[in-house]
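Heads up, the thing below is written out as structure tokens.
Numbering (the numbering used here), first residue to last: 1 to 100.
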């Protein structure tokens, strides 16, 4: 479930967006990168279809020729894969649902 704080932050970012603001793909990559440092934020990101959005953002950054942003996105994606692998066995119980 997405937190109220995350929703407010996203709405605020949309409301203050200008033509000179960060490109949407970079904003998603920034969001994913920041979420790696907080497990609750990471879970919220995944719950909000963040991994699909991240994949799209990486592709958009690559198309725009922004290799630095694309690389940060790939690094964030790899971190989320490691998170998933870390909980993949559910502590040996096999009953833990793992985000895609």
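Even for Gly, the Cβ is constructed at its ideal location relative to N, Cα and C.
### Query
Can you give the Cα-Cα distance for residue 60 and residue 82, rounded to whole angstroms?
23 Å
### Task
Take the Cβ of residue 39 as the centre, count every other Cβ of all protein chains shown within 10 Å, and call the residue buried at 16 or more, exposed below.
exposed
### Task
Work out the CA separation of residue 29 and residue 68 for me, nearest whole Å.
11 Å
### Query
To the nearest whole angstrom, what separates the beta carbons of residue 57 and residue 25, a pair I think is in contact under 8 Å?
4 Å
### Query
Buried or exposed: residue 9, going by 16 or more other Cβ atoms within 10 Å of its Cβ?
It counts as exposed.
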